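Participant: Numbered according to UniProt numbering, the sequence shown spans residues 1 to 140. After the structure tokens below, expect a handful of questions from me.
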Amino acid sequence: MVFQALGGISMATSVGLGAYGAHGLASRLKELEKAQIPPASTTASPHEVWSRANAYQQLHSLGLLLTPLLSQPHSKLRALAGFSFSSGIVLFSGGLYAATWTGNRQLSSGAPFGGVAFMIGWVALAVARRRPLSTPKPAL
1 MVFQALGGIS MATSVGLGAY GAHGLASRLK ELEKAQIPPA STTASPHEVW
51 SRANAYQQLH SLGLLLTPLL SQPHSKLRAL AGFSFSSGIV LFSGGLYAAT
101 WTGNRQLSSG APFGGVAFMI GWVALAVARR RPLSTPKPAL
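What follows is the structure in structure tokens.
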């Protein structure tokens, strides 16, 4: 239940952050430019970085929503999957959002760890899968 709640909250915030990226981020980037703060990324535009953070937040919010449905109740692997998705969202997406918002590249330094957390989450969810319902054997 906790992971579904976190997934729902994260999905809702990702919609808001996606809308901000599409409609409000440009004015923030102009403020940073006036303050002579360079973009946080040298390889991608701030809008691309924001969009990538948003896409990963949405995808892994869905993972959080699915974790209780696809895994055994009270499983340690279920907990690992949910914790990994949650921490990945904070480290990866949160780091990219913060770096883009402030122009401080160091705020994205946790992103690689967030990416690893995402991978751990998917593997844990795959291993913690629910067993199929047993069907009675037909009588001969």
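Ideal Cβ placement from N, Cα and C applies to all residues, glycine included. Just so it is clear, the structure is predicted and the values come from calculations on it, not from any experiment.
(1) Starting from H23, trace the alpha helix (DSSP H) both ways and give me its first and last residue.
(2) If you draw a straight line from the C-alpha of S14 to the C-alpha of P138, how long is it?
(3) Between the alpha carbons of T102 and A35, how many angstroms are there, rounded?
(4) Just to confirm, are A117 and G82 a CB contact at a threshold of 8 Å?
(5) Whose C-beta lies closer than 8 Å to the C-beta of residue 141 among residues of the same chain, with five residues either side of it excluded?
(6) What are the start and end residues of the alpha helix (DSSP H) that includes I120?
(7) Starting from H74, trace the alpha helix (DSSP H) both ways and give me its first and last residue.
(8) Once DSSP output is grouped into helix, strand and coil, what is the label at P46?
(9) State the start and end residues of the unbroken alpha helix (DSSP H) segment that holds G95.
(10) Hey, would you say L64 sits closer than 8 Å to F85, going by beta carbons?
(11) In whole angstroms, what separates the C-alpha of M1 from that of Y97?
(12) I'd like to know if the stretch 69 to 79 and the stretch 52 to 59 are in contact, where contact means that at least 3 CB-CB pairs between them fall below 8 Å.
Facilitator: On the basis of the data shown:
(1) V2 to H23
(2) 49 Å
(3) 11 Å
(4) no
(5) Residue 141 cannot be examined here, being either before or after the span of the chain that is shown, 1 to 140.
(6) A111 to V127
(7) No alpha helix (DSSP H) contains H74, which DSSP labels as neither H nor E.
(8) helix
(9) G95 to T102
(10) yes
(11) 27 Å
(12) no
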